[in-house]
Structures are given as C-alpha cells and as structure tokens.
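In order, the protein sequence lines correspond to chains A and B. Start counting the first sequence at 1; every next residue gets the next number (the working numbering). Start counting the second sequence at 317; every next residue gets the next number (the working numbering). Even for Gly, the Cβ is constructed at its ideal location relative to N, Cα and C.
Number of protein chains: 2
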Amino acid sequence: MRLATVKDGSRDGALVAVSEDGSRVARVAGYATLQAALDDWGAAQGALGAAVRSAGSGEAVSPAAFAAPLPRAWQWLDGSAFPNHGALMQRAFNHAPIETDLPLMYQGMSHQFIGPTDDVPLPSVADGIDFEGEFGIVTGDVPMGCLAEDALAHVRLVLLINDWSLRAIAPVEMKTGFGWVQAKPACSVAPFAVTPDELGEAWRDGRVCLPLTVEVDGEWFGHPNGSAMEFGFHELIAHAARSRSLPAGTIIGSGTVSNPDHDTVGSTCISERRAIEMIANGAAQTAFLPFGSRVMMRAGEGVSPFGVIDQRVVAG
Amino acid sequence: MRLATVKDGSRDGALVAVSEDGSRVARVAGYATLQAALDDWGAAQGALGAAVRSAGSGEAVSPAAFAAPLPRAWQWLDGSAFPNHGALMQRAFNHAPIETDLPLMYQGMSHQFIGPTDDVPLPSVADGIDFEGEFGIVTGDVPMGCLAEDALAHVRLVLLINDWSLRAIAPVEMKTGFGWVQAKPACSVAPFAVTPDELGEAWRDGRVCLPLTVEVDGEWFGHPNGSAMEFGFHELIAHAARSRSLPAGTIIGSGTVSNPDHDTVGSTCISERRAIEMIANGAAQTAFLPFGSRVMMRAGEGVSPFGVIDQRVVAG
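The structure is reproduced here in structure tokens:
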C-alpha cells in the first residue's frame, strides 16, 4: 500500500492512496489525514484498501502536488545506526569514541516536514548546509517498555527522508551534550509512505535493504544500502519506548545511510564525504551547499518505491 | 487571564477560563481546545475575555478535573538557563565546563504532558527518578530568525512545569552528545496557563520573578526564585528560532530553577541537592524517589498563580 498527502491548503493536507505509477491518487473515505488513519489503523484498513484499488483510475497529480506524508507529526526521533558513518566522523575529527552499546538517538523537531519538491528555506550558507539521506518508519501506538522482539508489529509505514543539517552549528551543539536544536531544521520527506509488505524482500530484519541514491545538481553523490544498520528499526523502537509510550505517527529515522565500501558507493551526506577526504588527503575538498543547490534522493535500483525528493535550497 | 484544560475524554481536553479562586471554569465559545485558541490568538481574545468574565459563576471543578493546559504540544524545547545549577553539577561530577556562550537547550518529547494531579507512571526506581521545577512559556507563531528584542511579544502564556528526569540514564545519554530521549519522559504541568500580565510585576525581563516551591511527601525541598535566569525567555525563543519557525503552542522551559544561595533556598531537583551534598561531604545523602512518592510544586508567596502540581510517582 502506498499512501501520500496532497496539498489542500490545510496544515495536514489530504490523505490519498497512490496508483502504481505514482501519477494518480484517490481520497480515503472517512479519513481526511494520514494521522487520522494512523490513529485508527485497524479500522481504516477497509477504506485504505478501497482507495488503493481505485487509485489507478483516480485524479492525475503532478509531483508538486505532494506534501510530506505527515506534514507535521507528534514525534520525530532520529537514530544514527550506521556504524561506518560514525567511525569515519570520529576518525576525521579525532573525536573520542562515543561510549555506548545502545543505539544513538536524538529528538528532532516534528512540527514541520517539508514536501518532496518544495523549496527548503535556510538562514545562511555560512551554517554549512548539508543533507542526510535516511530511511525512516512510522509507528502505530507503542506501549512504554515495548521489547524489540515485539516492535516490528508496530511499524505501519516506511519513509525516505532528507535530514537537513547545518554543519557549522552541529559540533558546537553536540559538545554541550544537549543534542541539536539549531543544527537540525525541518526534514524533507519523499512523497510515498509505503507499508512494509510493499517493499517485499527489501524489508528484512527491520531494515530497508535498498540503495539510497543521492544526486546534487544532477551529479551522483552516493548510493549506499540501508541494509548495513547496526540496529534494526525494531531495536530503535524499543530504545525509544524505554521510558515513554510512542503515539501513532511517531517517525523514527535510521541516521545517514553509510556503507564500509564508501570508496565505491559514495555517501549520503557531504560531511561524510569531507571526512573521507580529510582522512585520505588531510583536507576536505567538497564544499557545503550554496543557495540554489538541487538535491535529489530516491531508493532502489529501478523506480523508487518512495518516489523522489527533488528540491532546491533557498535563502530563508 | 488564566486558562486551563479540563478532561473530557478527548486527547486534547476542553479549553476553559478559570475563576480567580481556581474552583470554577467556563468554556470558551468557538474554541474547543487551547491549541485552537493559540492558532487563532488575536481573533480568540473576545471569546477568551467573555469566558474569563463568566468563570466566577461557572461550573465548579475539583483539582483532579484538570489536564495539563496543553495535553500534547507540537514542540517542547527545554533550556538550562540557571547558571548556579550548571556550576553545581559540574563541580560535583567533575565535568569539564560546557563550552558555549549560547543558551543550552534540548528538544524533548511533546506528545504527552501529564495533568497536575495524575499519577506519573515510570518504568523503574533503578533509573533514579527525579523532578525538576521549571517555569515555561507558550509561544504564538514565531518566524525563523526572530530576534530576542522582538521575541517577548510572542509569549502567549506562562506555565509551571515538572520536568521528570531519570538520573541513572541522563549522563549516559549526555555523553553521546545526542541529548536525552530515555532520560526525559513526559513532563507534568500545573493546571493554569496564565497570560504574562496576570503575573504583574513578577513578569520582568522575560523572567518569572517568583519563588518555585517544591515539597516531597509533604516536606519542604526548596523555593529558589525564577528571576536568576542567565537568559530570559525572549533570548530562549530567539535561540530556538535561529533555523526554524516555531508553531503556535511551542513550549519553552527555563531549566531547573536554581539560586546561588541554595544553602537557604534549597533546590528544585534531587540531583542538585545531591551535588551540594557531594561537594560539602564527599557523598550524596538524599535518595532519588521510590514509587509512591508525592511531589508538590507551586509558585509565589501566597496563592500560586499557576495552581499546584501534586501527584504521585507509580510503577508504569
């Protein structure tokens, strides 16, 4: 099942099911928004299924019609589950290793997720504008204390996310121990939220086993595979629910997708490529983004099951 | 103007204006929830004023009728703006000083705020259950890049908050640099959200210049004054809005209220009292909370303008 949200002038947009080719949509009877369907997931299955079946003959839409699947959400918790990324950053910046056996996770802003073709307004290029290609999941209601072995059943939808990051601010905030506020503005999300079964064999062990391809201004930047997570999404859910219940519509991110063979598959953020350059050559060559830059993200070898993020960074 | 939310079985409860003695309430015509009024603040002033005028002859309610003013919010950003608290923690735990001239701030969970007399379910006493007495503000819509000098105008309401904290987990998460997820479960909030003018002279320079009194199981724990913030709420708003816009209903916290004369005024969290004990005697004497503990918070010398938080910690 592929669901999306089309812009209708309201804060939460309108829930739709999406045709196989992604060009047509059908409204979902009785569920105006994706949050409403997530709040009532079991009961909504009939209406969602009917909308999926009628989407092929539904309204034709352009890519610009789509908002983020959840234009705002009650919770966004972002992991950092690819050990290759952490190891590179540590080595390049000569950090002490982060002392924990637990998943890394921070709470990010969730009151705004940017649509896949919308401009991304940011205050200054001096902040070091960067992207991070991630996979994410949307949960149902998860009780406090949920164990990892029970957590996969709470995964409702899978997402492709660009976690915009401001690299001049990030290390300053990280050093305080308080996590990131200024360094983590609103994320962008690809148009289609898909049920795990829609991914077939690519959804394995709580991981999205697909390459995530990034292009900047039309040039390949990387295509590492989501399979290399140290912790699966079920383990990230259990970590998040240790001392809180998670409301339906909680989004949990994988962190920057990163693979050990980065020399061939590249990276999904500039900061990691710069770290690789620093380790190899003693200095970073790749610059952060100027205003006007276009960042594209998609997943898989053929047609991206999540659709495509393709948008520009602009002065905010 | 004193506003509150009474429980009505819905997720967001029902907005009411509160009588002067806090015992009677009146619904607000056209605004079912506090979030709805915040989303439309200017236009809502007439209906809010009418409800305030009729509250004295309104429905009688018990303290248990009140939910948190915002039972869920789109954003919760908590500062740590009392330098005395930071200095004590640093000295007791022999931390390196936090290197920043900027306000300290983390993003916390905002999908649940616990009502002032509701039980607080937590997973384990081994986590080191602690409270933190804080003041907080609720913003209107704040544009990205808002300056501190323009920010006070965006303060809609002032709150009294207990930021529950799990001390066995907090330092482990802080060391990662990612901030707190497990160590910061849902906060509790006193029943009445008050407009700044309601505080009179006690609202000065973006600070709540009132003592915040904490009692544990009926015994005095502390009553430091909110005036000692290093940064006022206007500066915290500007910090938060550096690279994001803030939606109406954003809650920003002061961090644990703490004063340099802590020997006489005490503390608003156990962790700080333990730090003082460690510095004075080499070891902490005060234990964290067992299940069944009752924590009371109120503000001011006489009747608390925010009402009272008075609730028990229970096994979750």
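Next item on the list: From the DSSP output, in three-state form, read off G206 of chain A for me.
Entry: coil
Check: Quick one: does G495 of chain B have its CB under 9 Å from some CB of chain A?
Finding: yes
Next item on the list: Could you name the residues of chain B that M174 of chain A contacts, counting a contact when the two beta carbons are closer than 8 Å?
Entry: G493 and F494
Check: Any idea if T264 of chain A is buried or exposed, counting beta-carbon neighbours within 10 angstroms, 16 or more meaning buried?
Finding: exposed
Next item on the list: Measure the C-alpha to C-alpha separation of S243 of chain A and I430 of chain B and round it to an integer number of angstroms.
Entry: 14 Å
Item checked: Rounded separation between N400 of chain B and E336 of chain B - CA only -> 35 Å
Checklist line | G569 of chain B versus V471 of chain B: straight-line alpha-carbon distance, rounded | finding: 12 Å
Item checked: Nearest-angstrom Cα separation, counted from G358 of chain B out to G456 of chain B -> 10 Å
Notebook entry, point to check: Is there at least one non-hydrogen atom of the ligand ZN closer than 8 Å to the beta-carbon of T529 of chain B?
Noted result: Looking at this structure, you won't find the ligand ZN or any other ligand, since it has none at all.
Next item on the list: Kindly indicate if chain B contains any beta-carbon less than 9 Å away from that of D127 of chain A.
Entry: yes
Notebook entry, point to check: In this structure, what does DSSP give as the bridge partners for L159 of chain A?
Noted result: A:G136
Notebook entry, point to check: With DSSP run on the structure shown, which of helix, strand or coil describes F409 of chain B?
Noted result: helix
Check: Is the CB of T566 of chain B under 9 Å away from at least one CB in chain A?
Finding: yes
Next item on the list: Could you name the residues that DSSP lists as bridge partners for T213 of chain A?
Entry: A:R298
Notebook entry, point to check: Taking buried to mean at least 16 other C-beta atoms within 10 Å of its own C-beta, is N94 of chain A buried or exposed?
Noted result: exposed
Notebook entry, point to check: Closest to A168 of chain A by CA distance: which of A:L160, A:F231, A:V216 and A:I270 is it?
Noted result: A:I270
Next item on the list: Compare the beta carbon distance of W496 of chain B and E489 of chain B with 9 Å and say whether it is the shorter of the two.
Entry: yes
Notebook entry, point to check: At a Cβ threshold of 9 Å, is S293 of chain A touching chain B?
Noted result: no
Checklist line | Beta-carbon spacing of A408 of chain B, M594 of chain B below 9 Å | finding: yes
Next item on the list: Check whether the Cβ atoms of V158 of chain A and I129 of chain A lie closer than 9 Å to each other.
Entry: no
Check: Quick one: is Y106 of chain A near chain B, going by C-beta distance under 9 Å?
Finding: yes
Next item on the list: Please compile the residues from chain B whose C-beta is within a distance smaller than 7 Å of the C-beta of W74 of chain A.
Entry: R388 and H427
Check: Do M89 of chain A and A275 of chain A have their CB atoms nearer than 9 Å?
Finding: yes
Next item on the list: Can you say whether V377 of chain B is buried or exposed, counting buried as having 16 or more other CB atoms within 10 angstroms of its CB?
Entry: buried
Next item on the list: Using the Cα positions of P121 of chain A and M460 of chain B, report the straight-line distance between them to the nearest angstrom.
Entry: 10 Å
Notebook entry, point to check: At least one CB of chain B closer than 9 Å to the CB of P121 of chain A: is that the case?
Noted result: yes
Notebook entry, point to check: Buried or exposed: P606 of chain B, going by 16 or more other Cβ atoms within 10 Å of its Cβ?
Noted result: exposed
Notebook entry, point to check: With L48 of chain A and A32 of chain A assumed to form a contact (beta carbons below 8 Å), what rounded beta-carbon distance in angstroms separates them?
Noted result: Rounded, the Cβ-Cβ distance is 13 Å, inconsistent with contact.
Checklist line | Under 7 Å by beta carbon: chain B residues contacting M296 of chain A | finding: Within 7 Å Cβ-Cβ: nothing; M296 of chain A doesn't reach chain B, min ~23 Å.
Notebook entry, point to check: Taking buried to mean at least 16 other C-beta atoms within 10 Å of its own C-beta, is W536 of chain B buried or exposed?
Noted result: exposed
Checklist line | Environment of P191 of chain A [buried if 16+ CB atoms lie within 10 Å] | finding: buried
Next item on the list: Classify A14 of chain A as helix, strand or coil using the three-state DSSP reduction.
Entry: strand
Note to self: If the cut-off is 9 Å on Cβ atoms, which residues from the segment 246-273 of chain A count as contacting chain B, listed in chain order?
What the structure shows: L246, P247, G249 and T250
Note to self: Taking only three categories from DSSP, how would you classify R274 of chain A?
What the structure shows: helix
Notebook entry, point to check: In chain order, what residues of the same chain have a beta carbon less than 7 Å from the beta carbon of A170 of chain A, not counting five sequence neighbours either side?
Noted result: W180 and A183
Notebook entry, point to check: G538 of chain B: which of B:G362, B:R589, B:W392 and B:A352 sits nearest, CA to CA?
Noted result: B:R589
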